[in-house]
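Oh and the sequence shown: position 149 is 149 in the UniProt record's numbering, straight run, nothing missing. Virtual Cβ for every residue (Gly too), placed ideally from N, Cα, C.
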Amino acid sequence: MHLSKAYNNAEMPDSQFFFGGCALHAGGLPGYPSSHGCVHLPKAFADLVFGVTHNGTPVIVTKARSGIGSLSHSGLVLTSSDLKAVETMTGHVAGKSLPRDKSGEKDDAFAIVVSGADSRLIALKNGKEFISADIGIEHPRLPLGTHVYLLKGINPATHVYDWMAVGLGTGHETAVDVQREIAATARLMIPPNVYQKIARNLHPGATMMLTDLPAHPETRSATDFVIMRDSAGV
């Protein structure tokens, strides 16, 4: 049970904290308006979230219920001309377990952001910049859109990356158009040496985001990585 230092030791059950200090926790704080930045959850749901999250677990907050979709696609994070490298490098993640199956093994928190405005890919490991590289984007004048993907593992039948695409609700329930998600990622042209460095660090739970916004350095710090904020960059 976390006790709030800002609100006279008010109880904040099932608290999970972001690096920047914002919290997910059950219910509200008695006698106080909602605290700035906190996300209040129904108690039953908070119990579930608290039981499955760990350091590095992706958390996506949207304005409405969001759809999800699955896609197994070799073009996600690599170019169509680099399929041979896929066969070589997928072994690095094929044997890795999901967080709930681990027995002492600890994966680094790994996230990738692709900025269409900058034609740039940034990867972070445990909150620190690990890769920053220029990439190519087919039809660069066309928007990429905003997309979020979570890596589930390796598809045992096809031996390609098995991802989950998450719809971003904007006021009504959003269904995921899998073909649209594939079309966005297929436009990315990642240099082979950059891809190989990414592949060696990918594991189930890794996150990738595509955005048309620029990746402004001021939205990052030494301890966290801001993916989105109001009317600003990534």
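Item                                                                                                                                   : Value
If we call anything under 8 Å between Cβ atoms a contact, is Leu-121 one with Val-194?                                                 : yes
What are the start and end residues of the alpha helix (DSSP H) that includes residue 247?                                             : An answer regarding residue 247 cannot be provided, because it is not within the stretch 1 to 234 covered by the chain.
By alpha-carbon positions, which one of His-216, Arg-200, Ala-215 ends up nearest to Phe-110?                                          : Arg-200
By how many angstroms is the C-alpha of Gly-27 removed from the C-alpha of Ala-44?                                                     : 10 Å
For Asp-118 versus Pro-191, is the C-beta distance shorter than 8 Å?                                                                   : no
Does any CB atom of chain C fall closer than 8 Å to the CB of Leu-121?                                                                 : Note that chain C does not occur in the displayed structure, where there is just one protein chain.
Just how far apart, CA to CA, sit Asn-126 and Ile-112?                                                                                 : 12 Å
For Leu-151, which of Arg-141, Ile-131, Pro-204 has the nearest alpha-carbon?                                                          : Pro-204
Look at Leu-188 and Ile-131 and say whether their C-beta atoms are less than 8 Å apart.                                                : no
Rank Met-208, Arg-141, Lys-128, Pro-140 by C-alpha distance to the C-alpha of Asp-162 and give the top, closest one.                   : Met-208
What does DSSP give as the partner residue(s) for Ser-132 in the beta ladder?                                                          : Ile-122
Could you tell me the distance, in whole angstroms, from the CA atom of Thr-146 to the CA atom of Ala-206?                             : 17 Å
Tell me which same chain residues have a C-beta within less than 6 Å of the C-beta of Ala-133, skipping the five on either side of it? : Leu-121, Val-194
Identify which residue in His-139, Val-166, Ala-183, Ala-123 has its Cα closest to the Cα of Ile-198.                                  : Ala-123
So what does Tyr-161 bridge to, in DSSP terms?                                                                                         : Ile-154
Use the C-beta contact count for Val-52: other C-beta atoms within 10 angstroms, 16 or more gives buried, fewer gives exposed.         : exposed
Please classify Leu-210: is it buried, with 16 or more other beta-carbons within 10 angstroms of its beta-carbon, or exposed?          : buried
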